[in-house]
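Heads up: take any position in the sequence shown, counting from 1, add 488, and you land on the numbering used here. As structure tokens, the structure follows; a few thoughts come after it.
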Amino acid sequence: MSDKLSKSLSKPALQQKQGVVKAENKDQQSFPLVSASTMTNQPVQIEWLVENILEQGSLNLLFGEPASGKSLFALDWAFCITAKLDWHNCRTKECDVVIIAGEGFSGMQRRLKALESKYKIKTPSKLYISKQPAQLLDKNNTQLVVNSIKAICPNPGLVIIDTLHRNMDGDENSSQDIGAFISNLDMYMKPLGAAILVVHHSGHANKDRSRGSSSIRAAMDGEFSAKKTHNSVTLTCHKAKDFEALNPLQFELKPIELEWPDSDGEPMTSVYLEYKGGATSNKKSKLSAKDETILTALDAAIAEHGVEPTVEIKTEYKNFDSPAGKMQKVVNIDHWKEKAYPLIKVTGADPENAKRVAFKRCRDKLINQSLMVEYGSYVWLAF
């Protein structure tokens, strides 16, 4: 009797056990596990898209102020990857690249023409650029974007999102919204097998960090910044999760005349990044914090109130006829003072006079160091 009972029980028990095994195998397919002992059998090799900068399959952030050159870096990387060109002595892996462009499609065309001039080749056919932004905070929209990418570019090696603000219809200061954005990248974008580069703005108060919730930085494998000082741009790595961070690199904005005419028949202009080597200290480092503040105010005044140089200025300073000069603006010195005076911290019984003295000292120093030029009532940054 016990043998019969044993036989009658053993078959269902075995079936139940087998059912569990099948269920476990099914679960393993959707949430796979691997024995850690197998992970050290062979050495791990980092597979680069751009050597020492972008790793295959990684999630990266590139931030900077408006017009700091951050999008120029992203487009330059994309161009070199798709053209199988080294990027300033950094090897690249050839693959398709998709740029989800939030704005400035016509500006993108001019920048591509500038890169064609820089590298002496036509824009690669493996580079794809969207004509509109994407709302990547929404799961359905993200899935639609991924489906569109698969239809046109089935195996992208890199997806660039430029910028976060234009491609996320949410609050970038909210850790919840940023978390949902990152989750959508993980759920929908990462299965493409591509690395992802998010281009973002720097913080309002702290220019050395990205704007908004800090949770975005925590999610990144690599974090980089582009910082512009007059005509110079520095690329800095702030976070490298699984590799040694590269040393800061120095570039200059190289203006160029295109073969395309504008509405007046004059050549259109654009700009690309010209490599200058490792970032080093220079004469601007001798400026005090107060001097740097006043010089930054000049940058701001030109950005807001800058005008074309007068005929007299162009006659006196011939370099305004160069490609770089044609992109330069001058500003009335009063606009510079309006920006600078509120930022100058002084003490004493006559603060207004102290500000005037501090401003004049700084102006003289900037002129002596050839960092700016003054002519009549106009000033501009040296170039």
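Just so you know, even glycine gets a beta-carbon here, dropped at the ideal spot from N, CA and C. This structure is a prediction, so every number in the text was calculated from the model and none was measured.
Check whether Ile640 and Ala562 have beta carbons under 8 Å apart: no
Cβ neighbour criterion (16 or more within 10 Å) applied to Ala706: exposed
Pairwise C-alpha distance: Ile832 and Lys606: 41 Å
Limits of the unbroken beta strand (DSSP E) element including Cys578: No beta strand (DSSP E) holds Cys578; DSSP gives it neither H nor E.
Simplified DSSP assignment, three categories, for Val647: strand
Distance, Glu539 Cα to Ile609 Cα: 22 Å
Best match in Met656, Arg599, Val834 and Trp575 for proximity to Asn629 [C-alpha to C-alpha]: Met656
Sub-8 Å separation of Ala683 and Gly552 beta-carbons: no
Arg598 to Gln533 span [Cα, whole Å]: 38 Å
Contact under 8 Å by Cβ, Ala571 with Pro612: yes
Sheet register partners of His689 (DSSP bridge): Gly552
Per-residue burial, Phe712 [other beta carbons within 10 Å of its own, 16 or more giving buried]: buried
Assigned exposure category for Glu543 - 16 Cβ within 10 Å defines buried: buried
Span separating the alpha-carbon of Val795 from that of Tyr866: 10 Å
contact_flag[the segment 818-833, the segment 784-798] where n(CB pairs < 8 Å) is 3 or more: yes
Limits of the beta strand (DSSP E) - the one that His653 falls within: Where His653 is concerned, there is no enclosing beta strand (DSSP E), given that its DSSP letter is neither H nor E.
Anticipated Cβ contact below 8 Å, Val585 with Gly645, distance rounded: 7 Å
Identity of the residue in Gly813, Leu761, Gly667 and Leu680 nearest Ala870 by Cα: Gly813
Residues sharing a beta bridge with Gln738, DSSP: Thr722 and Gly765
Cutoff 7 Å; reference Met860; Cβ partners in own chain excluding five residues on either side: Leu786, Leu854, Val867, Trp868, Leu869 and Ala870
Anticipated Cβ contact below 8 Å, Gly557 with Leu741, distance rounded: 7 Å
Where Phe739 falls, given that 16 or more other Cβ within 10 Å makes a residue buried: buried
Residue span of the beta strand (DSSP E) that contains Leu869, given as start and end: Tyr866 to Leu869
Residue from Asn841, Leu625, Lys715 and Trp536 whose Cα sits closest to the Cα of Thr580: Trp536
Inter-residue spacing [alpha-carbon to alpha-carbon] between His718 and Glu780: 12 Å
Own chain partners of Cys850 with C-beta closer than 6 Å, once the 5 adjacent residues on each side are dropped: Asp779 and Ile782
Neighbourhood of Gly658 by C-beta, 6 Å cutoff - its chain only, sequence neighbours within 5 removed: Leu625 and Asp665
Beta-carbon contacts of Ala733 that lie in its chain and below 8 Å, excluding the five residues immediately before and after: Cys725, His726 and Lys727
Endpoints, the alpha helix (DSSP H) within which Gly595 is located: Phe593 to Tyr607
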